[in-house]
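Trainee:
Listed below in structure tokens is the structure:
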């Protein structure tokens, strides 16, 4: 599943405002591991896939 750039930017903006990953995940109704993947993919970091 991929998310739009707009959605990823909204998540990153909330984190920059000082919200925790837990709070952002709850606000956007996604789970925390998924929020971390969105953050990592938005920042250009490699995303580790669990097998």
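Numbering (full-length UniProt numbering), first residue to last: 1 to 51. Where is the CB? At the ideal position from N, CA and C, for every residue including glycine.
For residue 41, does the three-state DSSP call read helix, strand or coil?
Mentor: In the chain shown, the residue the question calls residue 41 occupies position 41. Residue 41: helix per DSSP, three-state reduction.
Trainee: May I ask you to report which of helix, strand or coil DSSP gives residue 28?
Mentor: Counting from 1 along the chain shown, the entry for residue 28 is found at position 28. Note: residue 28 maps to coil in three-state DSSP.
Trainee: What separation, rounded to the nearest whole angstrom, lies between the Cα atoms of residue 37 and residue 31?
Mentor: Taking the chain shown and counting its residues from 1, one reaches residue 37 at position 37. Taking the chain shown and counting its residues from 1, one reaches residue 31 at position 31. If you take the alpha carbons of residue 37 and residue 31, they lie about 10 Å apart.
Trainee: Does residue 17 come out as helix, strand or coil in the three-state DSSP assignment?
Mentor: Position 17 of the chain shown holds residue 17. Three-state DSSP puts residue 17 in coil, outside helix and strand.
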